[in-house]
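S.K.: First residue of the sequence shown: 1, per full-length UniProt numbering; consecutive thereafter. For glycine and all other residues, C-beta sits at the position ideal for the given N, C-alpha and C. Values in this document were obtained by computation on a predicted structure and should not be read as measured data.
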Amino acid sequence: MEYYAGLDVSLRSCAVCIIDNKGKVVLERELACEVSDISDWLRKFAYSVERVGFEAGTMSQLLFFGLQGEGLAVVCMEARQVNAALSAMRNKTDKNDARRIAQILPTEGFSPVHMKSREAHGLRARLSSRKALLNKTIELSNEVRGLLKIFGLRLPKTVGHGSFDDIVRPMIQMNDVLIHA
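#1: Alpha carbon to alpha carbon, how far is Ser141 from Asn175? Give it in angstroms, no decimals.
#2: Using DSSP with H/G/I as helix, E/B as strand and the rest coil, what is Phe54?
#3: Taking contact to mean at least 3 C-beta pairs separated by less than 8 Å, is the stretch 66 to 82 in contact with the stretch 34 to 45?
#4: Indicate the three-state DSSP secondary structure (helix, strand or coil) for Met77 in the structure shown.
#5: Where does the unbroken beta strand (DSSP E) through Ser13 begin, and where does it stop?
#6: Could you check what DSSP says for Arg29 in three-state terms: helix, strand or coil?
#7: Would you mind working out which of Glu143, Ala73 and Ile138 sits nearest Glu2, comparing C-alpha positions?
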């Protein structure tokens with residue numbers, strides 16, 4: 001007999017439901033949303049789980065690669081398709097959502113989501129961090145330019161990020177009010 005595990009994932013907790021290939025609920029549990037907790041609990045189950053599925057969301061990356069690394073067959077399902085299946089249910093609870101996700105798994109009535117590699121996510125994090133830092137640098141230099149204008153001090157338009165401090169600091173030190181700001 002084949003078994004399938006559906007996970008309804010939130011930031012701190014995860015509802016887990018294991019069903020057999022006939023759709024009968026075998027086990028249900030609420031766990032911490034930690035890869036080790038989920039994989040340990042699934043391993044305690046007497047039979048091996050054919051597939052573990054969950055809806056795409058903020059924890060998908062962590063769970064997908066973490067559970068896959070634990071040797072489990074994992075599938076991340078397209079959120080809109082899962083929502084369509086879940087919207088037909090009357091009682092929308094985490095437990096019921098996990099049950100419905102588990103029931104979708106054997107039918108393969110879902111589109112698996114392509115999971116980007118950890119390297120791709122790392123590159124994206126570095127690029128977005130760099131962009132945020134550059135935006136803050138521009139924002140701060142514009143703020144300083146505005147403060148200097150109030151006191152009649154104007155900077156050339158072509159002051160770069162590297163020379164900004166070298167040009168602005170002496171201007172501030174020569175002004176009695178700005179030196180204390």
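M.R.: In this structure, then:
#1: 18 Å
#2: strand
#3: yes
#4: strand
#5: Ser13 to Asp20
#6: strand
#7: Ala73
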